[in-house]
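Protein chains in written order, with our numbering: chain X, 1 to 375; chain G, 1001 to 1375. All C-beta atoms, glycine included, are put in the ideal place defined by N, C-alpha and C. Everything on this sheet refers to the single structure shown next.
There are 2 protein chains.
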Amino acid sequence: MKLDICQQFGIDFPLFAFSHCRDVVAAVTNAGGFGVLGATAYTPEQLDRELSWIDDHVHGKPYGADIIVPAKFEGKGEKLSKGDLAGRIPVEHKEFVAGLLAEHGIEPEASPRIGGTMLSGDTGPELLEVAMSHPIKLIANALGVPPDYMLEAGRERGVPVAALVGAKEHALKQAAAGVDLIVAQGTEAGGHCGEVSTLVLIPEVLDALEANGSDIPVLAAGGIVTGRQMAAAVAMGASGAWTGSVWLTTEEAETAPHTVQKMLAATSRDTVRSAGRTGKPSRQLVSDWTNAWLPNDEGRKPLPLPLQSMLSEPVLRRVDALAEQGHQGAQALATYFVGQGVGMMNKVKPAREVVADFIEDYLAAAERLGRSLPE
Amino acid sequence: MKLDICQQFGIDFPLFAFSHCRDVVAAVTNAGGFGVLGATAYTPEQLDRELSWIDDHVHGKPYGADIIVPAKFEGKGEKLSKGDLAGRIPVEHKEFVAGLLAEHGIEPEASPRIGGTMLSGDTGPELLEVAMSHPIKLIANALGVPPDYMLEAGRERGVPVAALVGAKEHALKQAAAGVDLIVAQGTEAGGHCGEVSTLVLIPEVLDALEANGSDIPVLAAGGIVTGRQMAAAVAMGASGAWTGSVWLTTEEAETAPHTVQKMLAATSRDTVRSAGRTGKPSRQLVSDWTNAWLPNDEGRKPLPLPLQSMLSEPVLRRVDALAEQGHQGAQALATYFVGQGVGMMNKVKPAREVVADFIEDYLAAAERLGRSLPE
């Protein structure tokens, strides 16, 4: 496409694909888009291995990495151990979860695990160092303003830094902090998201940046699973699309097979924006787990970040494993981050086919809009 | 524009404008769009007067009327009087509202009014008859499947019938019922709305209709306050845009002046989808009134339709009047239906200027998307 961002990033089609799966990242990059590996769940050693694998498979084509370093979290600045943090999980919450599992026919574990602190930012600098030792062409921070060390590292090594925002005010803050690329993500997005829809957020962010004299490129995110939606975003002034959900039902994806089936069957109304998984509102498949927490009328108030993840992640991994074995209670509880676009994710496809479909659909949409014009 | 819908409705630009203000309806129609008068709050005599005024001002150009006839409401089929219905409002709810007003320095009334049943559907047939006695070119029903008498009247008199939907399943139901035009309205819309965003809903509805062999035209609604967003919708396959919020801050609009000021100052994050006004989820400006009800964590559960309106409307009208006089408590409570697009409604303009701005912005967006294509 003839968009500045294609030249800037050395790509044919400004479709950015966030995925935790290296195969998806490589496939999208090789198909002319831009793959971004979600790196936060990895140890530094694992990340090094994943990025080396990508290097071996993209033959110098551009890709990036995404490291979540939240600006606010429980225990920030207190140098707490995982055990200290775990001690802050109220016993009533542990009992509530145990009761929920029991209602679903899931036995208590002899020594219930408490999850890691992957959303506490403690491994951010190490992961960044590993990422920077590979030929990445973008480093992204999905939660809040990137820390200074990330912005500095990006400048030093000439790697553009991207940040996700869900509101105009946050975009202005990111621009002032010096990021190179803004991903404006609507409330229909999977994972952490704000309340403003993509269709409103994109023009609002672009107007606000322009009024502040900034020409930072903005990618549209949230609900985008087709080329026509990407074309809609470009018509509004976005430089391209940032996508995540659509890769979860690709052949390559790491998504739990039972969850893939749930996603294929889901409509756009089968997701909910709930803090029940991480402590911050994130969009995910509705399930008995999400129903157990606010905003469900009867739901309980979740704990703050990262305590809620520490409580939920080990349980949900156990639930996934049981769901795979056909356990009905576990299947009712199983959930994963996904956006409202899940309603149009109805077929498992190879990632490269998703890219090809995007391009075809984008071109058709541009033609459709062009045909509407008076002669 | 070269779109089938322009020929079908005899318009230049497929921008449909819903407004309770006859001046806006006439101005949009005269500027090449299509004005639709929201008729539900009128008595049959008032509606006749408003439509006659429009007839005198549009010189045969096309316009329409919108009558809300909800499919479900408290007391449906029971032939209840307004007094019977009012008797179903629990005393705790009346006390809760009295307490909320007292907290805001608003004295109780000697005999608190209970509002009309404008959302109970009881005046629908009469309003429809009045509307049909004028040369309307569209009749719309904003809530649920239009009743048979509306569909029949439309067929008999050759007036297309439109229905608003917030989900794919509802669009299929409307198509099966025989409506002529579907307005697919995203969650970012002002007033009653569903949970799916416009950017997701439009392609999902179009795909579902196509898969069912239907070629009913679909207008996009929800958050659309600029021509570039309308162009985005057309790129995705919509036939045009249905708008409401953007007219509330026009020079002609009937909006309470204090509320206009709130809207001009609001960002896209200053709205909430709450059942606190009508009993069904509708998007409106956040205020101390909306904060008093769910989905606010501390909020009370609203009554069903139409009881919540009967409780809230007289209070909110009193609040509006006090807010105009500078009463600070009333200003904190004041609210009105508006979509997330309110963040981009920053200037009072004449309605015809809004249409002109839409056209210019639409053309620029189409050009922008065209420029992105490879040669």
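Contact belief for residue i with residue j at Cβ below 8 Å, rounded distance in angstroms
{"i": "residue 1344(G)", "j": "residue 207(X)", "result": "7 Å"}
{"i": "residue 1028(G)", "j": "residue 1066(G)", "result": "At roughly 14 Å, the Cβ-Cβ gap does not stay under 8 Å, so residue 1028(G) and residue 1066(G) are not in contact."}
{"i": "residue 24(X)", "j": "residue 247(X)", "result": "5 Å"}
{"i": "residue 1002(G)", "j": "residue 372(X)", "result": "6 Å"}
{"i": "residue 1063(G)", "j": "residue 1137(G)", "result": "7 Å"}
{"i": "residue 1128(G)", "j": "residue 1153(G)", "result": "6 Å"}
{"i": "residue 330(X)", "j": "residue 93(X)", "result": "No, residue 330(X) and residue 93(X) are not in contact; Cβ-Cβ is about 20 Å, not under 8 Å."}
{"i": "residue 161(X)", "j": "residue 139(X)", "result": "5 Å"}
{"i": "residue 218(X)", "j": "residue 202(X)", "result": "7 Å"}
{"i": "residue 294(X)", "j": "residue 1297(G)", "result": "7 Å"}
Of the residues the options, the one placed nearest residue i, counting alpha carbons only
{"i": "residue 1192(G)", "options": "1105(G), 1008(G), 1305(G), 1369(G)", "result": "1305(G)"}
{"i": "residue 313(X)", "options": "337(X), 329(X), 327(X)", "result": "337(X)"}
{"i": "residue 282(X)", "options": "125(X), 86(X), 187(X)", "result": "187(X)"}
{"i": "residue 340(X)", "options": "275(X), 189(X), 210(X)", "result": "189(X)"}
{"i": "residue 1015(G)", "options": "1034(G), 1026(G), 1002(G), 1007(G)", "result": "1034(G)"}
{"i": "residue 284(X)", "options": "323(X), 334(X), 177(X)", "result": "334(X)"}
{"i": "residue 1223(G)", "options": "1210(G), 1243(G), 1216(G), 1215(G)", "result": "1243(G)"}
{"i": "residue 134(X)", "options": "32(X), 50(X), 295(X)", "result": "50(X)"}
{"i": "residue 300(X)", "options": "241(X), 80(X), 96(X), 1(X)", "result": "96(X)"}
{"i": "residue 1038(G)", "options": "1240(G), 1031(G), 1250(G), 1018(G)", "result": "1018(G)"}
{"i": "residue 326(X)", "options": "256(X), 252(X), 85(X)", "result": "256(X)"}
{"i": "residue 123(X)", "options": "250(X), 44(X), 237(X)", "result": "44(X)"}
{"i": "residue 1379(G)", "options": "196(X), 330(X), 237(X)", "result": "Nothing can be reported for residue 1379(G), as the shown portion of chain G is limited to 1001 through 1375."}
{"i": "residue 1177(G)", "options": "1145(G), 1160(G), 1260(G), 1157(G)", "result": "1145(G)"}
{"i": "residue 46(X)", "options": "210(X), 214(X), 167(X), 131(X)", "result": "131(X)"}
{"i": "residue 221(X)", "options": "157(X), 185(X), 205(X), 161(X)", "result": "185(X)"}
{"i": "residue 360(X)", "options": "55(X), 163(X), 228(X), 262(X)", "result": "228(X)"}
{"i": "residue 238(X)", "options": "320(X), 249(X), 251(X), 215(X)", "result": "215(X)"}
{"i": "residue 10(X)", "options": "26(X), 61(X), 57(X)", "result": "61(X)"}
Environment of residue i [buried if 16+ CB atoms lie within 10 Å]
{"i": "residue 1346(G)", "result": "exposed"}
{"i": "residue 1020(G)", "result": "buried"}
{"i": "residue 110(X)", "result": "exposed"}
{"i": "residue 1362(G)", "result": "buried"}
{"i": "residue 59(X)", "result": "exposed"}
{"i": "residue 1365(G)", "result": "buried"}
{"i": "residue 87(X)", "result": "exposed"}
{"i": "residue 1235(G)", "result": "buried"}
{"i": "residue 264(X)", "result": "exposed"}
{"i": "residue 253(X)", "result": "buried"}
{"i": "residue 384(X)", "result": "Nothing about residue 384(X) can be read from this structure; chain X reaches only from 1 to 375."}
{"i": "residue 174(X)", "result": "buried"}
{"i": "residue 273(X)", "result": "buried"}
{"i": "residue 211(X)", "result": "exposed"}
{"i": "residue 1091(G)", "result": "exposed"}
Coarse secondary structure for residue i, derived from DSSP in three states
{"i": "residue 1362(G)", "result": "helix"}
{"i": "residue 1082(G)", "result": "helix"}
{"i": "residue 36(X)", "result": "strand"}
{"i": "residue 372(X)", "result": "coil"}
{"i": "residue 1196(G)", "result": "coil"}
{"i": "residue 1179(G)", "result": "coil"}
{"i": "residue 29(X)", "result": "helix"}
{"i": "residue 1063(G)", "result": "strand"}
{"i": "residue 1052(G)", "result": "helix"}
{"i": "residue 349(X)", "result": "strand"}
{"i": "residue 1164(G)", "result": "strand"}
{"i": "residue 13(X)", "result": "coil"}
{"i": "residue 1202(G)", "result": "helix"}
{"i": "residue 1325(G)", "result": "coil"}
{"i": "residue 318(X)", "result": "helix"}
{"i": "residue 1113(G)", "result": "coil"}
Contacts of residue i in chain B (Cβ-Cβ under 8 Å)
{"i": "residue 186(X)", "result": "Of the protein chains in the structure, X and G, none is chain B."}
Contact set between the stretch 198 to 212 of chain X and chain G, restricted to residues whose Cβ is under 8 Å from the partner: 198, 199, 200, 201, 203, 204, 207
Residues of the stretch 1 to 26 of chain X with Cβ closer than 8 Å to any Cβ of chain G, in chain order: 1, 2, 3
Residues within the stretch 290 to 309 of chain X neighbouring chain G, beta-carbon criterion of under 9 Å: 294, 295, 297, 301
Contact residues within the stretch 1323 to 1344 of chain G, judged by C-beta distance below 7 Å to chain X: 1340, 1341, 1343, 1344
Against chain G: residues of the stretch 266 to 286 of chain X by CB proximity under 8 Å: 267, 268, 269
Against chain G: residues of the stretch 231 to 245 of chain X by CB proximity under 8 Å: 231, 232, 233, 234, 235, 236, 237
Short-range partners of chain G found in the stretch 142 to 171 of chain X, where Cβ spacing is below 8 Å: 167, 168, 169
Where the stretch 350 to 375 of chain X meets chain G: residues whose CB sits under 8 Å from a CB there: 363, 365, 366, 368, 369, 370, 371, 372, 373, 374, 375
Interface residues of the stretch 1078 to 1102 of chain G facing chain X [CB-CB below 7 Å]: none
Residues of the stretch 214 to 233 of chain X with Cβ closer than 9 Å to any Cβ of chain G, in chain order: 220, 222, 223, 224, 225, 226, 228, 229, 231, 232, 233
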